[in-house]
């Protein structure tokens with residue numbers, strides 16, 4: 007797997023992948039409204055602290071991941087997504103592992119954090135397998151279609 011910098015020419019691919027209101031919220035939280043649009047992506051990715059990447063595997067675009075600089079030594083892993091046809095192959099774990107390495111080696115991060123909805127068991131298992139631990143859980147902060155979604159914060163020291 008390799009990362010390439012996510013550019014405007016890749017926006018259509020991401021818009022194609024995020025094909026429902028629920029998936030949009032699961033992936034992007036309140037940062038994006040559904041339907042995802044070129045202008046929303048452009049505005050978000052233009053932020054100085056946002057480092058978006060497209061993951062490629064065997065010549066195909068398979069996913070998206072973002073690193074967000076929270077401070078000079080802390081980065082947040084955000085908006086982790088593997089296209090549906092590539093799920094179940096261990097690619098999410100590989101993608102997060104590569105993002106962890108990139109944050110540490112290229113950006114000198116010594117702490118990685120992330121938020122994940124507590125009902126997203128496969129994502130939580132993926133992060134735990136990579137050494138992330140849950141540090142807190144927020145209840146009542148996030149809601150989707152009148153259902154409260156519990157949000158867990160996880161971290162990994164590098």
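Residue numbers (our numbering): 7 to 164. Think of the CB as a built atom: it goes at the ideal place given N, C-alpha and C, for glycine as much as any other residue.
Legend entry - Own chain residues within Cβ distance below 8 Å of residue 154, not counting five before or after: 145, 146 and 148
Inset, instruction - For the alpha helix (DSSP H) holding residue 105, just list the boundary residues, first then last. - result: 97-111
Legend entry - Three-state secondary structure assigned by DSSP to residue 92: helix
Legend entry - As assigned by DSSP and simplified to three states, the class of residue 5: Outside the modelled stretch of the chain, which goes from 7 to 164, sits residue 5, for which no answer is possible.
Legend entry - 9 Å Cβ cutoff met for residue 113 and residue 59: no
Inset, instruction - Specify whether the region 65-80 and the region 97-111 touch according to this definition: at least 3 beta carbon pairs, one from each stretch, less than 8 Å apart. - result: yes
Legend entry - Pair within 9 Å by beta-carbon distance, residue 32 and residue 135: no
Legend entry - Other residues of its chain near residue 101: CB distance less than 6 Å, five sequence neighbours each side excluded: 61, 69 and 71
Inset, instruction - Could you check the C-alpha separation between residue 13 and residue 124 for me, to the nearest Å? - result: 30 Å
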